[in-house]
Each structure stands twice: as structure tokens, then as C-alpha cells.
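Protein chains in written order, with full-length UniProt numbering: chain A, 1 to 259; chain B, 1 to 380.
The beta carbon of each residue, even a glycine, is placed where N, CA and C say it ideally should be.
All of these numbers come straight from a predicted model, not from anything done at the bench.
This report refers to the structure that appears directly beneath it.
Spelled out as C-alpha cells, the structure:
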């Protein structure tokens, strides 16, 4: 590493499945280069060795679901020069935000033997609702190549090459045949943020929106198309209520449908 | 038999297989139609056994299906899902690599140095050949030559196939892109399947084409075969129910403030599919990537679309925030301002943007609506 102090990297976990953090470990060959480029200062999933803050880059996984989380994320923000959220939980509340559509107390009584021990917020929310976020990386899970790109761009002081346009662009660049047009397969691709590389359509499946809403999602036209393909209100609502159910555009569209 | 440019000769489908093998034998990869994922796609092709033998297709707005053909034709389908653009102008192209050198950087390799391999395109339709002509014009503008495209294009052998039928989304006859094959081809084919016979009527359009035909077993075409071949594009034109209004450039010029753009924007997903499948849409973005050390960098060119926000992003923000302005940009450029920029239309009438639009937006109908909404010049 030429004449550059190694920046300190921290990886934090909130309410999440750990899959996005694992994407960093999943970098395998590139992981060595990452560990040379940065000092891994806090990453409990990888090592119990903890280097005290402040940190140059914090990667934050998970949504904010408890009063403790609210305090903790503020603490993370204070210690971080750059805070990057990774994954659907941190950027949109995650699959656990499905509870936001109901009264959480009802779930607590059903799920826990001793509900009195549970101290939770009404909603599972994105990190950006609580603190300033420098960059949001989407996906459930995130794409490891995009994660490397964001880290790389941060280290080199450039803008990450992460495209907010529709998944369809990636799909077409890959040469996929459109599953909606050629097979009448419901696919959310036209309203979904690119990033996965077109995984599901590449195997003949419709996109179910792991990367959340694209930059200008016309969810009304998308829902009309799904209805035309035979989906009823409940099906349409479910399409929008996946890992990114509480991302604004998907939440609003889902609330129009039901039944 | 020696074939010269313009001679009409006949060969069997087995000879077509031999033509493919001869090309590969000459070190020229053949790209042609195959069936994949429920559609015809243009991919490297080893022989006629891999072709969509017996397949046909149907298409409408937002709709495409492969269906069983009525005869055992190899070219019984109309068009591939994507055109030849991805082979001539790939979705991702490396422009150069560079490494840090002192306070600056040194370019290690640039696209102009790249010796791209030759290719043979088998099954180029009239509209597609016209579209390649449009790209030739775009990428050979003086001062704006595109070395990567020109390098690939210069080595492409084009084996065109004239259409004998049209599908629902075809409108090349009114757009001027076809269906008769016109323009620079090396070999033009008409497939003739009747009375149990399966032959190709071939014409060489270049010395390369003539030399290839001369290596095949061919016989002169009969008058009857020449008549059958000549009738094919006439029939393909007759079957077209969609048409592009010849007044489209003027209609669009008068429609800049039309309320109809908001109507389209209500339906448009701004997904960019139309621009991706359009055989003449050539817009790209440029990205720089670095390695983690920052000592190595690469510049890449990627397909882009005027339907993305980044596309119109300049200092201060994106110019075309609204879907209506992005759709207007696309349609107006394609059908109107393209004439001023390149002296031709940007639309060849292939209909891919209609078929592969997930919500079936139909540019011929949008032009009709714009005319009715006030884009007419008042003379009718």
C-alpha cells in the first residue's frame, strides 16, 4: 500500500440475518486485498479483536427495531467518518418491517412466552430514519461485487458505480429474454433497483424485488400490469411486500391493494 | 459453379450447414438464430441443427411467443429478441487500462489497439440491415468515429435473409426499414420451402459473398424460384397492419408541449427496455473503476438509456426528472431530431420496442395520439 494510512473499517449489526456481513467474508480472493487496504477494526462476525473508534468507514447491517438500537446507531454515527448502510434491513427496514403493517403488540403476545421482557419499537425502520447516511447499498442480500465497489470508491475518493435504474437494464445487458413478455411471468424488474445482475430472470423466474424500488418506480403501472396478468389484489400486495415492504414506493403501492 | 455478384443461385439447406462450417473453418465465428428461454436469440452457431428449425413467432404489444411454424423453415421466425447491436456494440466495453505513474497515469491499452475477431452474421433481416446502416452512420460521423465499433463492423460478413411473413409488431414497410433487403450485404438469402423441397435462393452482394457461394454446391435459380423469392417481401409488407405515420417528424416537432406526454408517462415504467432492444439506440455511459490500491484504473463504456435519471445528470442535477420528459426525449430523438442529426430516421420499424415493452406501449399508436392531440399541421 503506497503512502496511505490504512483506513479503519467497522462492520455493525442491528436487526438482521447477518447475510450482508457475510457478503464481505464471501469476497474470498478479494478479502485479502481488502484487509490490506483497510484495517478491520471492528467486525465481530470475523474477529473478536476490537480496535477502538473512531472509524473511517462503518458498514451498517440491519434495521432499527428497539430503543437500544436507536441509541446504538447514534453511537455508531458519532464514531464514523463515513457511514454506509448495507442491505434491505438497513436501507428499508427489511422483511421484519412486515410487522409495521400491524400492531406489534399482537405479535409479541403470540410469539414470546414472556412478552413482558420484550422492549421493542412500533416499527422496524431504516437506519436513515435515525442518523445521516452517506451511502445506501441495496439488496437482500447485497451483491458482494457492489460492496467491494463501494469500499473501493470510498478508499479512492470517487463516486461508486452503483446504478439506481431498473433491473431491466442489467437483464437486457446480460442478454436475458424478458420473462414477462415471453412467458407471462410476473416480474417486478421494471420497478426494481438494479444490482443483482438479473439473477432470477436468468433462470426464468420473475424478479421479486430484493433490491427495492428503482429511482423512479412507476408502481401504479406495474400493479396494473400484474393485474392484467391475472394477479388479484392480495397477490399484488404480496408482491410489493417482500424484503423491501417498507421502502416508501413499495409500501404506498401495497397499501392500495389487498383483499 | 462459380457465382458472381448478382447471380441468383440455389443451394440446399445441407449446403447452408456447410457454409456455416466453412466460415468457422476460415476462423470466422458465425452468429445466428437459436432458441433460448422461449425466444429466438442471436448467438454463436455451430450448424443448422442449432437453428430454430420449425419455429415461428407471434408478437403484439408487450407480448412475444414462439409457436410451431407451418413449414419446416429455418428462418420461419421474424426477429431475435435482441438485435445484432450487442455483437457490434457490446453492452460493456473496456476503453482503456491505466496505471499510476508519478503524479499522473500511463495508459496501458486502448480500445483502438484491440484487434477484434471477424464475425459472420447469419439471418440478418432487412430492418436489421437498415439498423446496422444507421449505426454505421452514427459511428462514422467525422470527428466522432467509434474505433471499437468500426473495427468490429469492418470484419463482419453479413448473410441477410429476406422475410416471407410479418408479425403483429412489424411496421418496416411504412418506416422504410424493409421488408425487401436493400443495402450492404455479402449474401442475401430467400428460404423456399415447398412441395417437400427446402432450398435457398442466394445472391452475392460482395466479392466476399461471391467467393463463399462459389465454394458451395449451387445451381442457377429457375424463373419460378426467382418469382417465389421476389414475392416474399411483398407478402411480408402486405401482412403488416401497423404503420408509422410518415409525418412523425413534424408531428413531434409540434408536440413538445403536448398534454399527451403525461398520458404516456402514466403508463411508462421508465425501465429502459425499449432502448435496450432498439437496434439503433446507441447511448452509453462511461465509468471509471479502480483497484483497491488506486494504482490501477480502467475506463468502461456501458449501454445506457435516456430513461435513466443519470443519463441527463449534469452539474446541478438531472434535467429530465419527469417520465414524460424522458419519454418525449426518446421518441422525439428517434423519430424526429434524428433526421437533422444523421439525415435519416432512427426507427427502422422492427417493432421490438412494442413487443418487449413490459406494458406494451406502441410508438406507432403514440404518434397517432400525438397527431390527434394537436400535433397535426392542420392540413388534414
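Name, please, each residue of chain A whose Cβ falls closer than 9 Å to the Cβ of residue i.
| i | result |
| --- | --- |
| residue 309 of chain B | 164, 165, 215, 216 |
| residue 38 of chain B | 177, 179, 182, 183, 204 |
| residue 95 of chain B | What residue 95 of chain B touches in chain A: nothing, since even the nearest Cβ is about 14 Å away. |
| residue 348 of chain B | Within chain A, no residue comes near residue 348 of chain B; the closest Cβ sits about 19 Å away, beyond 9 Å. |
In chain A, what lies closer than 7 Å to residue i by C-beta?
| i | result |
| --- | --- |
| residue 91 of chain B | 173 |
According to DSSP, which residues form a beta bridge with residue i?
| i | result |
| --- | --- |
| residue 112 of chain A | Answer is none; residue 112 of chain A lacks a bridge partner. |
| residue 44 of chain B | B/31 |
| residue 197 of chain B | B/194 |
| residue 93 of chain B | B/301 |
| residue 188 of chain B | B/160, B/203 |
| residue 12 of chain A | A/60 |
| residue 84 of chain A | A/59, A/135 |
| residue 36 of chain B | B/39 |
| residue 98 of chain B | B/107, B/297 |
| residue 322 of chain B | Answer is none; residue 322 of chain B lacks a bridge partner. |
| residue 65 of chain B | B/58 |
Quick check: what's the CA-CA separation for residue i versus residue j?
| i | j | result |
| --- | --- | --- |
| residue 137 of chain A | residue 90 of chain A | 9 Å |
| residue 22 of chain B | residue 11 of chain B | 15 Å |
| residue 109 of chain A | residue 26 of chain A | 37 Å |
| residue 135 of chain B | residue 282 of chain B | 8 Å |
| residue 172 of chain B | residue 366 of chain B | 17 Å |
| residue 380 of chain B | residue 305 of chain B | With a pLDDT of 47 at residue 380 of chain B, under the threshold of 50, the predicted position of this residue should be treated as unreliable, though the coordinate-derived value follows. Using only the alpha carbons, I get a separation of about 35 Å. |
| residue 33 of chain B | residue 63 of chain A | 48 Å |
| residue 114 of chain A | residue 217 of chain A | 42 Å |
| residue 3 of chain A | residue 294 of chain B | Reliability of the predicted coordinates at residue 3 of chain A is poor, the pLDDT of 48 falling under 50, and the value obtained from them is presented with this limitation in mind. About 11 Å. |
| residue 275 of chain A | residue 83 of chain B | A question about residue 275 of chain A goes unanswered here, because the residues of chain A that appear run from 1 up to 259. |
| residue 118 of chain A | residue 48 of chain A | 27 Å |
| residue 29 of chain A | residue 193 of chain A | 27 Å |
| residue 187 of chain B | residue 241 of chain A | 54 Å |
| residue 334 of chain B | residue 357 of chain B | 16 Å |
So which residues of chain A does residue i contact, with C-beta pairs closer than 8 Å?
| i | result |
| --- | --- |
| residue 261 of chain B | Going along chain A, no residue has its Cβ under 8 Å from residue 261 of chain B, so there is no contact; the nearest lies around 14 Å. |
| residue 268 of chain B | 218, 221 |
| residue 41 of chain B | 175, 177 |
| residue 305 of chain B | 165, 169 |
What is the DSSP secondary structure of residue i, reduced to helix, strand or coil?
| i | result |
| --- | --- |
| residue 244 of chain B | coil |
| residue 2 of chain A | Low confidence applies here, because residue 2 of chain A scores a pLDDT of 48, under 50, leaving its location unreliable and the question unanswered by this model. |
| residue 160 of chain A | coil |
| residue 266 of chain B | helix |
| residue 165 of chain A | coil |
| residue 25 of chain B | helix |
| residue 204 of chain A | coil |
| residue 381 of chain B | Outside the modelled stretch of chain B, which goes from 1 to 380, sits residue 381 of chain B, for which no answer is possible. |
| residue 146 of chain B | coil |
| residue 207 of chain B | helix |
| residue 372 of chain B | helix |
| residue 52 of chain A | coil |
| residue 56 of chain B | strand |
| residue 105 of chain B | strand |
| residue 256 of chain A | helix |
| residue 67 of chain A | helix |
| residue 51 of chain B | coil |
| residue 250 of chain B | helix |
| residue 9 of chain B | strand |
| residue 118 of chain A | coil |
| residue 380 of chain B | Any reading at residue 380 of chain B needs caution, since the residue's pLDDT is 47, under 50, leaving its predicted position unreliable; the model's value is listed next. The answer is coil: DSSP assigns residue 380 of chain B none of H, G, I, E or B. |
| residue 367 of chain B | helix |
| residue 129 of chain B | helix |
Given that residue i touches chain B, what residues does it touch there, using C-beta distances under 7 Å?
| i | result |
| --- | --- |
| residue 161 of chain A | 287, 289 |
| residue 225 of chain A | 358, 359 |
| residue 190 of chain A | 269, 271, 358 |
As a quick exercise: from the options, pick the residue whose alpha carbon is nearest that of residue i.
| i | options | result |
| --- | --- | --- |
| residue 227 of chain A | A/184, A/51, A/168 | A/184 |
| residue 151 of chain B | B/206, B/143, B/88, B/108 | B/88 |
| residue 34 of chain A | B/229, B/139, B/292, B/374 | B/292 |
| residue 243 of chain A | A/140, A/199, A/237, A/157 | A/140 |
| residue 106 of chain A | A/121, A/95, A/169 | A/121 |
| residue 165 of chain B | B/279, B/58, B/299 | B/58 |
| residue 204 of chain A | A/211, A/220, A/182, A/225 | A/182 |
| residue 244 of chain B | B/13, B/99, B/371, B/221 | B/371 |
| residue 312 of chain A | A/23, A/56, A/45, A/171 | Outside the shown range of chain A, which is 1 to 259, sits residue 312 of chain A, and nothing can be said about it. |
| residue 353 of chain B | B/313, B/46, B/2, B/63 | B/63 |
Starting from the beta carbon of residue i, find every residue of chain B whose beta carbon is closer than 9 Å, and list them in chain order.
| i | result |
| --- | --- |
| residue 229 of chain A | Ordered by position in chain B, no residue passes the 9 Å Cβ test against residue 229 of chain A, which lies about 10 Å from the chain. |
| residue 6 of chain A | Within chain B, no residue comes near residue 6 of chain A; the closest Cβ sits about 11 Å away, beyond 9 Å. |
| residue 152 of chain A | 289, 290, 291, 292, 294 |
What residues of chain B sit near residue i, judged by a beta carbon separation below 8 Å?
| i | result |
| --- | --- |
| residue 37 of chain A | 292, 293 |
| residue 158 of chain A | 288, 290 |
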